[in-house]
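Colleague: Okay, handing you the structure first.
Residue numbers (our numbering): 11 to 494.
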């Protein structure tokens, strides 16, 4: 019965938030169709469905959704990484594989191409057998494992290691949007990003067909555009893309006329008639819209983002005040080091593990800590630095390490970032944390510095001390360190 199934769903949800090792709060678990009476008011049902639909948005607070009718709802999300099937999955059910795993096969947005996105499917033997048979019929490959993933570890500061405690000043965000400055934007003073002659190009949208398994190109076919959108609709689309990139919510009315003026008078190096077929055709292409939106979002952010003076959130925060938190990355085995206040080191990958072991042996390192803890919401540590992204949005950067180095009779506090691969936008983070170090040094009188350590040169050099790592160049075309 519905009541019986709902009771199971309630029990699963309760199990998740009552067991602290999962790191899930009660407010982060959404239960649908599972009240104790078996009946749900329409208003409650609509609210639950709305919350499920919004699960992909940045403001979403839910980490887990438990529902007895998930397969029957038209649930359109991309954030599914684990599917746990509890139904009996008998032949009479006639449940298709896409109903069970289809939502989990959608790629998550904002994940770099260097990360493999994996969907984990767990359930009864009947479920797995059904999926296996039907996927094989469709020619879809899959991997299986009978070994459970490594259990998480609990990382916490140890009272017996307070000699290795490190104080880090926590500061308030320094970048703020001053939206009233939007009126100061002069569209005619912005640079053109296209030449007027570009409008004479014969743009064609081509559909490229590939064999998915081998990525082999099969055929290309030009696709004719349907009815062209109105100029205002196209400019509205570009305006919304600018708002998304710069994170300027509720400012469409202020921004739209400015973007309209820019496109009409400056975007193409000369005045153009935006209602003409030629211009509307050009503005219909997503790549053209994205280029305009990217450039204007950057210029808008430069105008309206202000830098405030340094303010402390908590000037005397110590890592020993960090609350216990669960850690699942780079396991097993857990990494134990001696010169850190924590029982284990929170490392994300093998390079970070090697770097921690290097710090633990370096003769000039007094103490250190991984700052992986700063991204754990319940840990009590919120060390982060805000910076301006290339898109124009304000973001937050969480560095990797804090290290205290012995220099002569004194000490130097280092914020260190370890990088396996340098992505676009890394320089902006480097500049932000270097500026933070300069400001903290001036405010506190303590020496704070920043350095980025790149994996390839570090592994090639094999330094024995921190001073050696920071002072010796390598024959590699990329320096071992990068200091803004």
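For glycine and all other residues, C-beta sits at the position ideal for the given N, C-alpha and C.
Using three-state DSSP, classify residue 177 as helix, strand or coil.
Modeller: Note: residue 177 maps to strand in three-state DSSP.
Colleague: Can you grab the Cα-Cα spacing for the pair residue 326 / residue 165, in whole Å?
Modeller: Roughly 22 Å separates the two Cα atoms.
Colleague: Where does residue 424 fall in DSSP's three states?
Modeller: Looking at residue 424 - three-state DSSP - the assignment turns out to be strand.
Colleague: Between residue 362 and the rest of its own chain, which residues show a CB-CB distance below 6 Å, the 5 nearest in sequence each way excluded?
Modeller: Within the same chain, residue 362 has close Cβ partners 428.
Colleague: Using 8 Å as the threshold, is the C-beta distance between residue 373 and residue 475 below it?
Modeller: In contact: residue 373 and residue 475 (Cβ atoms closer than 8 Å).
Colleague: Relative to the C-alpha of residue 407, which residue among 425, 439 and 422 is closest?
Modeller: Measuring from the Cα of residue 407, the nearest candidate turns out to be 439.
Colleague: Which word fits residue 444, buried or exposed, when buried means at least 16 other C-beta atoms lie within 10 angstroms of its C-beta?
Modeller: Flag for residue 444 reads buried.
Colleague: Ignore the nearest five residues each way along the sequence and tell me which others in residue 446's own chain have a CB closer than 6 Å to its CB.
Modeller: Closer than 6 Å at the Cβ level, and outside the excluded window around residue 446, lie 395.
Colleague: Kindly indicate the opening and closing residues of the alpha helix (DSSP H) around residue 255.
Modeller: Residue 255 -> alpha helix (DSSP H) spans 241-256.
Colleague: Around the Cβ of residue 132, are there at least 16 other Cβ atoms within 10 angstroms (buried) or fewer (exposed)?
Modeller: With fewer than 16 other Cβ atoms within 10 Å, it is exposed.
Colleague: Candidates 380, 404 and 393: which alpha carbon is nearest residue 317's?
Modeller: Checked all of 380, 404 and 393; the closest Cα to residue 317 is 404.
Colleague: Provide the residue(s) that pair with residue 396 in DSSP beta bridges, ordered along the chain.
Modeller: DSSP, once it has assigned bridges, lists 406 as partnering residue 396.
Colleague: Relative to the alpha-carbon of residue 126, which residue among 198, 73, 91 and 200 has its alpha-carbon at the smallest distance?
Modeller: Among 198, 73, 91 and 200, the Cα nearest to that of residue 126 is on 91.
Colleague: Could you give the residue range of the beta strand (DSSP E) that holds residue 334?
Modeller: Element bounds for residue 334: n/a, residue is neither H nor E.
Colleague: Taking contact to mean at least 3 C-beta pairs separated by less than 8 Å, is the region 337-353 in contact with the region 174-183?
Modeller: With a cut-off of 8 Å, the region 174-183 and the region 337-353 count as touching, because enough Cβ pairs lie within range.
Colleague: Mind checking residue 355: buried by the 16 CB within 10 Å criterion, or exposed?
Modeller: It counts as buried.
Colleague: Let me know the secondary structure DSSP gives residue 383 once reduced to three states.
Modeller: It is helical.
Colleague: Answer with buried or exposed for residue 411, where buried requires no fewer than 16 other C-beta atoms within 10 angstroms of its C-beta.
Modeller: It counts as buried.
Colleague: So within the region 156-212, which uninterrupted beta strand (DSSP E) runs reach at least 3 residues, ignoring any that extend past its ends?
Modeller: DSSP runs (the beta strand (DSSP E)) wholly in the region 156-212: 163-165 and 185-187.
Colleague: Quick one: what's got a C-beta closer than 8 Å to residue 219's C-beta in the same chain, skipping five residues either side?
Modeller: Same-chain partners within the cutoff: 227, 228, 229, 230 and 231.
Colleague: Report yes or no: do the region 136-154 and the region 331-339 share at least 3 C-beta pairs separated by less than 8 Å?
Modeller: Flag = no, the region 136-154 and the region 331-339 do not touch.
Colleague: Does the region 283-300 come close enough to the region 366-380 to have 3 or more Cβ pairs within less than 8 Å?
Modeller: No: the two stretches stay apart, fewer than three of their Cβ pairs being nearer than 8 Å.
Colleague: Do you know how far the Cα of residue 237 is from the Cα of residue 197?
Modeller: Distance between the alpha carbons of residue 197 and residue 237 is about 29 Å.
Colleague: By a C-beta neighbour count over all protein chains shown, 10 Å radius and 16 as the cutoff for buried, is residue 417 buried or exposed?
Modeller: Answer is exposed; the Cβ neighbour count stays below 16.
Colleague: Could you please give me the residues that DSSP links to residue 133 through a beta bridge?
Modeller: Note: residue 133 sits in a beta bridge opposite 95.
Colleague: Roughly how many angstroms lie between the CA atoms of residue 357 and residue 464, to the nearest whole one?
Modeller: Residue 357 and residue 464: Cα-Cα distance of roughly 16 Å.
Colleague: According to the Cβ coordinates, are residue 342 and residue 160 closer than 8 Å?
Modeller: In contact: residue 342 and residue 160 (Cβ atoms closer than 8 Å).
Colleague: On a CA-only basis, which of 457, 453 and 470 is nearest residue 321? Give me that one, please.
Modeller: The shortest Cα separation from residue 321 among 457, 453 and 470 belongs to 453.
Colleague: Fully enclosed by the region 345-386, which alpha helix (DSSP H) runs are 4 residues long or longer?
Modeller: Listed in chain order, the complete alpha helix (DSSP H) runs (minimum 4 residues) inside the region 345-386 are 360-371.
Colleague: Going by beta-carbon coordinates alone, are residue 76 and residue 39 separated by less than 8 Å?
Modeller: Cβ atoms of residue 76 and residue 39: closer than 8 Å.
Colleague: Report yes if the C-beta distance between residue 323 and residue 182 is below 8 Å; otherwise report no.
Modeller: It is a contact, given that the beta carbons lie within the stated cut-off.
Colleague: When we look at the beta-carbon of residue 375 and count the other beta-carbons within 10 Å, is it buried (16 or more) or exposed?
Modeller: Buried, since its Cβ has 16 or more Cβ neighbours within 10 Å.
Colleague: Checking 8 Å against the spacing of the C-beta atoms, do residue 215 and residue 289 come in under that value?
Modeller: No, Cβ-Cβ distance for residue 215 and residue 289 is not below 8 Å.
Colleague: Just how far apart, CA to CA, sit residue 366 and residue 456?
Modeller: When rounded, the distance between both Cα atoms is 24 Å.
Colleague: Contact defined as beta carbons within less than 8 Å: I believe residue 252 pairs with residue 306. What is the distance between those atoms, to the nearest angstrom?
Modeller: So it is a contact: roughly 5 Å between Cβ atoms.
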